[in-house]
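With positions in the sequence shown counted from 1, the corresponding number in the working numbering is that position plus 773. Each residue gets a CB set at the ideal place from its N, CA and C atoms; glycine is no exception.
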Amino acid sequence: MIIRNWTTLLLIISLISISSALIAEYFFNLQPCELCLKQRHPYYLILICLILIFLLKNFYKIWLYLVIQFASVYGLFYSIWHVGVENKILRGPAGCSAMLTNSENASDLKAQILSKQVVSCDEVIWSFFGISAASINTLVLLVIFILNAIYLYNYYGIKKEKRV
Numbered sequence: 774m775i776i777r778n779w780t781t782l783l784l785i786i787s788l789i790s791i792s793s794a795l796i797a798e799y800f801f802n803l804q805p806c807e808l809c810l811k812q813r814h815p816y817y818l819i820l821i822c823l824i825l826i827f828l829l830k831n832f833y834k835i836w837l838y839l840v841i842q843f844a845s846v847y848g849l850f851y852s853i854w855h856v857g858v859e860n861k862i863l864r865g866p867a868g869c870s871a872m873l874t875n876s877e878n879a880s881d882l883k884a885q886i887l888s889k890q891v892v893s894c895d896e897v898i899w900s901f902f903g904i905s906a907a908s909i910n911t912l913v914l915l916v917i918f919i920l921n922a923i924y925l926y927n928y929y930g931i932k933k934e935k936r937v
């Protein structure tokens with residue numbers, strides 16, 4: 774049943790994911806870090822693909838579902854990286870750390886402060902029962918990846934086998 778209604782379910786999951794991130798940012802003033810922003814990209818791409826799927830009836834939709842699959846891999850890369858940075862296992866991207874280097878004069882220190890992001894990638898700014906937003910996003914993207922792979926196999930893989 775989930776696979777039969779996959780397109781609608783994917784739309785709901787993507788809308789909830791991106792809406793919750795935007796609500797947290799603009800209504801609760803939780804500023805995202807660089808990795809948080811990169812984790813939003815797959816949802817924007819998934820929503821664009823879903824709009825095309827709903828609008829274009831006579832189109833090879835397999836290509837859009839493949840784009841969704843690659844978008845989930847992209848998102849998984851950044852969300853797993855972010856979880857690793859939060860747990861001090863991996864290093865974040867340049868400019869994503871709150872650490873400042875020792876400086877000999879005030880102008881160098883000022884330049885460091887102004888060039889650093891306000892929000893550090895290694896700090897958890899929001900969690901639910903001790904699970905960070907990046908960890909939740911990793912789980913959501915993993916579910917999208919798995920269910921989309923099952924959908925692709927059921928609706929495109931089996932048809933190929935029947936023709937042989």
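- CA-to-CA, the gap between L818 and N878 works out to about 45 angstroms.
- In this structure, DSSP gives F850 a helical state, which the three-state scheme calls helix.
- Residue state for I819 is assigned as helix, using DSSP reduced to three classes.
- Every alpha helix (DSSP H) of 4 residues or more that sits fully in the stretch 786–837 is shown, in chain order, as 807–811 and 814–828.
- Burial is judged here by how many other beta carbons sit within 10 angstroms of a residue's own beta carbon; V916 has fewer than 16 and is exposed.
- Inter-residue distance for G865 and Y799 is about 24 angstroms (C-alpha atoms, whole angstroms).
- Within its own chain, the residues whose Cβ lies closer than 7 angstroms to the Cβ of K834, once the five positions on either side in sequence are excluded, are I826, listed in chain order.
- Pairing I904 with N831, the inter-Cα distance amounts to about 42 angstroms.
- The alpha-carbon of A794 is positioned some 36 angstroms away from that of S880.
- Look at F902 here: in three-state DSSP terms it is coil, with no helix or strand label.
- Distance from the CA of N910 to the CA of R777, rounded to the nearest whole angstrom, comes to 24 angstroms.
- Across the set Y838, Q812 and L823, the C-alpha of Q812 shows the shortest separation from the C-alpha of G848.
- In the structure shown, the three-state DSSP call for N860 is coil.
- Spatial neighbours of L863 in its own chain (CB-CB distance under 8 angstroms, excluding positions within 5 residues in sequence) are listed in chain order as W854 and G857.
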